[in-house]
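Asks:
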Amino acid sequence: MAKQQWVSDADHCELGFRIRHLMITNINGKFNSFQVAAETEEEDFMTAKATATIDVDSISTGNAQRDEHLRSPDFFDVNKYRNITFVTTKYENIDNDGSYTLYGDLTIRDVTKNIKLDVEFGGVVKDPWGNTKAGFTVNGKINRKDFGLNWNTITESGGLLVGDDVKITCEVQLIKK
Numbered sequence: 000m001a002k003q004q005w006v007s008d009a010d011h012c013e014l015g016f017r018i019r020h021l022m023i024t025n026i027n028g029k030f031n032s033f034q035v036a037a038e039t040e041e042e043d044f045m046t047a048k049a050t051a052t053i054d055v056d057s058i059s060t061g062n063a064q065r066d067e068h069l070r071s072p073d074f075f076d077v078n079k080y081r082n083i084t085f086v087t088t089k090y091e092n093i094d095n096d097g098s099y100t101l102y103g104d105l106t107i108r109d110v111t112k113n114i115k116l117d118v119e120f121g122g123v124v125k126d127p128w129g130n131t132k133a134g135f136t137v138n139g140k141i142n143r144k145d146f147g148l149n150w151n152t153i154t155e156s157g158g159l160l161v162g163d164d165v166k167i168t169c170e171v172q173l174i175k176k
């Protein structure tokens, strides 16, 4: 079997997240700069050795003041920890529709934890310009405190400002090299 190299199509990918704010609503955010790479046997993504590298400084929640706070030592500390990384470790529970469970090592602030993600495989197609592309919808959940993202404050009513669970929501489109 021939090895295939794949890279992210930045114009057709989004790495996003959602977290509770004041415990009454969700705030959405995303990272605008990242690279995803995969190596597969032919076009079999169950054999993929995949990595993602995310530039933490590219975080965007639509609010400049909040984004600067997230870049600060209270959260990601971008001056010390420039990247978030993810490396695949295992695939399981492959369904007939192409969905499966993906496990991988996520590193934030030099803390590495193996996490579980749910993946919907959209398939492999050729685009109108002859490029072979593969698509994935990825969802998961992590506890931010597991990675040293502990900052919080108590509101006047006694509730927390920021939730602990972070929902991961990604759309990934890869291009065969």
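Just so you know, numbering that gives the first Met the number 0 puts 109 at position 110 of the sequence shown, and the rest follows in order with no gaps. For glycine and all other residues, C-beta sits at the position ideal for the given N, C-alpha and C. Nothing here was measured: the structure is a model prediction, and the numbers come from that model.
#1: Take LEU173 and list the residues in its own chain whose beta-carbon comes closer than 7 Å to its own, dropping the five residues that flank it on each side.
#2: Measure the alpha-carbon distance for ILE153 versus PHE33 and round it to whole angstroms.
#3: With H, G and I counted as helix, E and B as strand and the rest as coil, what does DSSP make of VAL77?
#4: Using beta-carbon positions only, say whether ALA160 and ASN149 come within less than 9 Å of one another.
#5: For the candidate residues ILE58, PRO72, LEU21 and ARG108, whose alpha-carbon lies nearest to that of TYR80?
#6: Residue range of the beta strand (DSSP E) that LEU173 falls in?
#7: Label ILE93 either buried or exposed according to how many other C-beta atoms from any shown protein chain fall within 10 Å of its C-beta, with 16 as the threshold for buried.
Replies: According to the structure data:
#1: TRP5, VAL6, SER7, ASP8, VAL35, ALA37, LYS132 and ALA133
#2: Distance between the alpha carbons of ILE153 and PHE33 is about 33 Å.
#3: coil
#4: Before going further, note that residue 160 is Leu rather than Ala in the sequence given. No, they are not a contact pair.
#5: ARG108
#6: 161–175
#7: exposed
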